[in-house]
C-alpha cells in the first residue's frame with residue numbers, strides 16, 4: 001500500500017511561495033504604483049499550468065537570470081492572481097469568504113490560465129446551491145458568457161436545464177436577439193424544451209430577422225433574395241425544428257409565409273403530412289419533445305402581463321421585492337398584475353388614480369418618463385383614499401427604477417422612516433412616496449413630477465442630474481418631468497397555485 005503525505009507536501013510548497021528561495025520567474029500585474037510582483041519558480045508553474053509553461057518557454061532570461069512575465073491586459077486582478085498562485089503551489093483554495101462575483105471572475109481567470117481542475121471545481125461550487133441564486137439573478141449576462149468562453153459546460157448545462165423547464169426566461173428576455181447562434185442551437189436540440197413547436201419556430205424566425213436588420217419590415221415586400229438571406233442566417237437552426245410536431249393550423253399560419261427558407265422536399269413533406277398523415281415521407285422526422293403533451297404545474301406558467309411599459313422580467317423583479325427576496329424570481333410567478341389605470345386609456349390626472357384606486361391596497365404605480373425612457377415606480381401596500389389628506393405609515397413600501405436598454409441595473413429603494421412612507425394628498429392632487437417620487441397634477445401636460453433625496457427611503461431612484469439634494473444643494477432647481485405613459489396595477493396572489 002502506498003502512503004500519501006499530501007498535506008505535508010502542500011504545506012511545504014506553500015512555504016516555498018512565502019519564502020521564494022531560488023526563484024527564477026517574476027510575474028508582474030497591475031499598474032504602478034499599485035502593481036504587484038510575484039516571485040515564483042518555473043518548474044512549479046510549468047508543471048501545473050499549460051498557459052504558464054508556454055509563457056515561460058517563450059520568455060528569455062534577463063541579465064539577472066530571471067524570466068519576467070507580464071500579465072496581458074485581461075480581467076485578472078491582483079486579488080484573483082494571488083488566489084491562483086496559492087492554488088498552484090499548495091493545491092488549496094478557500095471560497096467561503098469570497099463573493100459569488102469574485103468566484104466567477106476566478107473561474108474565468110482559471111480557464112484562461114488552463115487550470116482545468118480548478119475550472120471544474122468552481123463551476124460545480126456555483127451550481128451546487130452555493131451560488132445558484134446569484135447565477136439566476138445574473139442569468140442574461142452569465143448565460144451569454146458561458147457560450148463566449150470555452151470549458152464552461154457545467155454552468156451552460158445548468159442554464160439549459162432552467163431554459164428547458166421555463167423557456168420564457170430566455171425567449172422573452174430583452175437579450176434573446178443577441179443570443180449567439182451556438183447557444184440558440186443548443187436550446188433547440190433539447191428534447192425536454194417545454195414550448196410548443198409553433199412558438200419555437202416563431203422565436204427562431206424573429207431571432208433570424210434580428211440578425212439581418214436590413215430585411216424589410218413588411219413581409220409582402222420581401223424578394224427571393226430576402227428569403228435567401230434569412231435562410232442563410234438560420235441554416236444552423238432550421239435542422240433542429242421538429243416540423244412534424246407543429247399543428248396544422250400553425251403550419252398554415254406560421255410556416256407557409258416563410259416556406260421559401262425551407263428545402264423544397266421538406267416543405268412538400270410537411271404539406272403531405274397535413275393532407276395524408278399516413279403517407280410515407282423521406283424527410284428526417286425528429287421525435288416530438290418529451291414534454292410536449294405533459295401537463296405542468298400551473299405555478300410555473302408565466303403571467304399574462306397587461307402592460308405597455310414593463311416586461312415579465314420586470315414583473316418578476318417587482319414580485320421578488322414585494323416578497324423581500326434577496327434575488328429576483330426566475331422560475332415562479334407568484335402574483336397577478338391586474339391593470340387598474342392606464343394614462344392613455346383613462347387619463348393622466350392624479351385625481352383619476354385616486355378615483356379608480358379608492359380603497360384599493362397593494363398597488364404598483366409604473367411610469368415611463370417623457371424624454372429619457374426611464375421606468376420609475378412605487379409599491380404601496382396600503383389603501384389609497386380619495387377623500388383624505390394624510391401621511392401613511394408602512395414598513396413595506398418601496399420605490400424603484402427598472403432596468404432598460406439605457407440603464408444597466410434596476411434600483412430599489414425601501415422605506416426606512418415608516419411613519420412618512422406614503423403621502424395621500426387628494427386636495428392638492430398629489431400622490432407621493434415621501435419626496436423620493438412625487439406625482440402631481442396632470443402627469444403628461446403639467447410637468448410637475450419630481451424626485452429628490454430623502455431620509456425616508458434608502459436611496460434615490462434617479463441619477464444625480466435628475467434629482468435635487470435637500471442637504472447638499474437645497475436651493476438648486478428641481479428637475480421636473482412629465483410622463484409618456486403610466487399604469488397602476490393591483491397585485492394579487494395567483495389563485496392558480498394550489
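Residue numbers (the UniProt record's numbering): 1 to 498.
No residue lacks a Cβ here, since even glycine has one placed at the ideal position from N, Cα and C.
From a predicted model like this one, the values you see are computed outputs, not experimental measurements.
ask   = Quick one, which of 275, 269, 290, 288 has its alpha-carbon nearest residue 281's?
value = 269
inquiry  = Going by the DSSP bridge assignment, what does residue 493 pair with across the sheet?
reply    = 335
message = Using 8 Å for Cβ pairs, my map puts residue 289 next to residue 192. What's the rounded Cβ distance?
response = 6 Å
Straight-line Cα distance separating residue 34 from residue 306 = 53 Å
ask   = Hey, is the region 447-465 in contact with the region 479-490, meaning 3+ C-beta pairs nearer than 8 Å?
value = yes
ask   = Looking only at DSSP bridge pairs, what is residue 65 linked to?
value = None, per the DSSP bridge assignment.
query = When the Cα atoms are used, what is the spatial distance from residue 195 to residue 214?
reply = 29 Å
Coil, strand or helix - residue 19 by DSSP = coil
Other residues of its chain near residue 233: CB distance less than 7 Å, five sequence neighbours each side excluded = 208, 211, 212
ask   = Taking the alpha helix (DSSP H) that residue 285 falls in, what are its first and last residues?
value = Element bounds for residue 285: n/a, residue is neither H nor E.
task = For residue 15, collect the residues of the same chain with a Cβ closer than 6 Å to its Cβ; drop the 5 residues on either side in sequence, then sort them by chain order.
result = none
request  = Using only alpha-carbon positions, find the residue among 235, 155, 243, 236 that is nearest to residue 197.
outcome  = 243
message = Using 8 Å as the threshold, is the C-beta distance between residue 28 and residue 70 below it?
response = yes
key: Beta-carbon contacts of residue 279 that lie in its chain and below 6 Å, excluding the five residues immediately before and after   = 272
request  = Name the residue from 248, 251, 284 whose alpha carbon lies nearest to the alpha carbon of residue 265.
outcome  = 284
message = So, at 6 Å on beta carbons, what are the nonlocal neighbours of residue 51 in its own chain, with the 5 sequence-adjacent residues on each side left out?
response = 113, 114
query = Based on the DSSP secondary-structure assignment, which residues constitute the bridge partners of residue 222?
reply = Answer is none; residue 222 lacks a bridge partner.
ask   = Count the other CB atoms within 10 Å of the CB of residue 314; is the residue buried (16 or more) or exposed (fewer)?
value = buried
message = Please tell me whether residue 436 and residue 461 are closer than 8 Å, where the distance is taken between their beta carbons.
response = yes
request  = Take residue 8 and list the residues in its own chain whose beta-carbon comes closer than 8 Å to its own, dropping the five residues that flank it on each side.
outcome  = none
Secondary structure of residue 473, DSSP reduced to three states = Unreliable positioning characterises residue 473 in this predicted model, as indicated by a pLDDT of 48, which lies under 50. The coordinate reading is nonetheless provided below. Coil.
task = Note the first and the last residue of the continuous beta strand (DSSP E) segment covering residue 141.
result = Premise fails: residue 141 lies in the alpha helix (DSSP H), 139-148, not in any beta strand (DSSP E).
ask   = Taking only beta-carbon atoms, is residue 325 less than 8 Å away from chain C?
value = Checking the listed chains, one finds no chain C in this structure; it contains a single protein chain.
message = Quick check on residue 350: buried or exposed, where buried means 16 or more other Cβ atoms within 10 Å of its Cβ?
response = buried
message = Considering only their Cβ atoms, is the gap separating residue 238 from residue 310 smaller than 8 Å?
response = no
key: Same chain only: Cβ atoms within 8 Å of residue 389, ignoring 5 sequence neighbours per side   = 424, 425, 426, 427, 428
query = So, are the CB atoms of residue 421 and residue 452 less than 8 Å apart?
reply = no
Straight-line gap, residue 21 to residue 65 (C-alpha atoms, nearest Å) = 14 Å
query = Taking the DSSP output, what are the residues bridged to residue 384?
reply = 358
ask   = Can you tell which of 255, 127, 164, 158 has its C-alpha closest to the C-alpha of residue 202?
value = 255
message = In whole angstroms, give me the CA-to-CA distance for residue 136 and residue 338.
response = 26 Å
query = Rounded to a whole number of angstroms, what is the C-alpha to C-alpha distance between residue 329 and residue 319?
reply = 7 Å
message = Assuming residue 414 is part of the alpha helix (DSSP H), what are its boundary residues?
response = Taken as a continuous stretch (DSSP letters only), residue 414 belongs to no alpha helix (DSSP H), being part of the beta strand (DSSP E) at 411-414.
ask   = Tell me, which residues are paired with residue 349 by DSSP?
value = 442
ask   = Between which two residues does the beta strand (DSSP E) harbouring residue 367 extend?
value = 363-369
ask   = Can you tell me where the beta strand (DSSP E) with residue 422 in it begins and where it stops?
value = 422-425
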